[in-house]
Amino acid sequence: NWGNNSEKREMSCNRPCVTFDHFEILRAIGKGSFGKVCVVQKTDTKKMYAMKYMNKLKCVERNEVRNVFKELQIMQGLEHPFLVNLWYSFQDEEDMFMVVDLLLGGDLRYHLQQNVQFQEATVKLFICELVLALDYLQSRHIIHRDIKPDNILLDEHGHVHITDFNIATMLTKDSPVTTIAGTKPYMAPEMFSSTKPTSYSFAVDWWSLGVTAYELLRTRVCVWLMCLWHHVSSAVLHRMCLLELNPEKRFSQLKDIQSFPYLSDVNWDAVLQKRILPEFIPVKGRLNCDPTFELEEMILESKPLHKKKKRLAKKEKDASHLQKHLEMLQRDFIVFNREKHWPLPKPLTVFGGPGQGGCVGGAWGTQGWRSCAVSGSSCQAVGSSKAAVLLWGLGTAWAFPHSSIILFYPQG
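In UniProt numbering, the protein residues as written are 1 to 412.
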């Protein structure tokens, strides 16, 4: 057992749900396969973490939701001194969040880009620590499938930690793994088949470890048989058995490594307890990462994480204000139906067109109906040559030119 065990176990019991509001966003430090990473501080404990966040809409558009769920499923059951361990996971309406160990030493890719020349003793310790991590993953039936310098972080003391389980998978007897996944320069040869999919096992991670170790020593990627063996010391040459093309012969278990002469002097208990101090220690007092991540977050990101609280608070306020107006509109809107409130009487058809006598009589002119008489009452013509509206004491009649029909609406 190691240091954080009891604290983490206590955390999971009888504690309220942790949300985005429990953290203060400090700065962006990187981005992974499916999201970005920021340094955060938990407001109640003041403890620092790394927070990985993934936009829900983008994950759906890229068909990546299943990978996120699988990563969470795998990480929630892991706890090891040479892994980046998960502490919290939660979501809001926009993003999914994973809060993990904060490692301020940077990843090995960053240090390679800074032209760091790792000594053989340093790489040897890296191998020992990574082997212990891979052995632990193997005991949990997990294949990482993306071991490379980019996914190996250093803590402030220089110890390594494997991160990014986004394409990791579970290996069981009932479900062999055949899908091609990983970063090509670090992928084992058995992952590729020119004829049909071939199942593979934990040995693919040990191959990737061998390629990574070679790159740390030579500052360039080893490409299968093109590795320049004669430039590597004899002791390291023995270590290169990790790059055995045949997975059946490749070292892929802790006992194989422990029994090998090159590592026969290693105190494995001391390695596990981090009592062996690395020769390479990252520069303290600064974040060992590309500063452009912070600039990208502040300048290019349309919805930067550090403004999320204000943005969501404003959105909630605006939504509340809008909801009040919608409720008022729903409550005060006037519903009207003329047929219900002022029903029209049925029209009375009066025969006898313009100038033809009948109940209504008169003559058509350019100004409409000129004169008429209805039951002895006089009426007045209004309207146009297209139709005349006749108003009289008993009602209203519409007379249409070139028609023998007049519509009459009696009063009352």
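Ideal Cβ positions, reconstructed from N, Cα and C, are used throughout, including at glycine. Please read all numbers here as calculations on a predicted model, not as lab measurements.
- With contact defined as three or more Cβ pairs closer than 8 Å, the stretch 176 to 190 and the stretch 116 to 127 are not in contact.
- DSSP places residue 244 in the coil class of the three-state scheme, outside both helix and strand.
- Non-local beta-carbon contacts of residue 86 in its own chain, meaning distances under 8 Å to residues more than five positions away in sequence, involve 72, 75, 76, 78, 98, 99 and 100 in chain order.
- Selection 168, 114 and 332 evaluated against residue 146 yields 168 as nearest (Cα-Cα).
- With fewer than 16 other Cβ atoms inside 10 Å of its own Cβ, residue 63 counts as exposed.
- Residue range 23 to 31 is occupied by the beta strand (DSSP E) that includes residue 28.
- In this structure, the CA atom of residue 91 is about 27 Å from the CA atom of residue 140.
- At the C-beta level, residue 213 and residue 200 stay beyond 9 Å of one another.
- Taking C-beta atoms as the reference points, residue 153 and residue 103 count as a pair closer than 9 Å.
- Between residue 36 and residue 53, the gap from beta carbon to beta carbon is short of 9 Å.
- Per the DSSP secondary-structure output, residue 38 pairs in a beta bridge with 28 and 51.
- In this structure, the straight-line span from the alpha carbon of residue 284 to that of residue 30 is close to 18 Å.
- Per DSSP, reduced to three states, the secondary structure at residue 187 is coil, with no helix or strand assignment.
- A straight-line Cα-Cα distance of about 14 Å links residue 288 and residue 160.
- Annotation: the continuous beta strand (DSSP E) that includes residue 91 extends over 86 to 91.
- Assigned with DSSP and collapsed to three states, residue 192 falls in coil, not helix or strand.
- For residue 207, the closest of 281, 47, 191 and 110 by C-alpha to C-alpha distance is 191.
- Taken atom to atom, the span from the alpha-carbon of residue 331 to that of residue 340 is near 21 Å.
- Closest in C-alpha terms to residue 57, from the list 48, 95 and 282, comes 95.
- When C-alpha distances from residue 43 are compared across 61, 28, 18 and 66, the shortest belongs to 18.
- The continuous beta strand (DSSP E) containing residue 160 extends over residues 160 to 162.
- In the three-state reduction of the DSSP assignment, residue 198 falls in the coil class, being assigned neither a helical nor a strand state.
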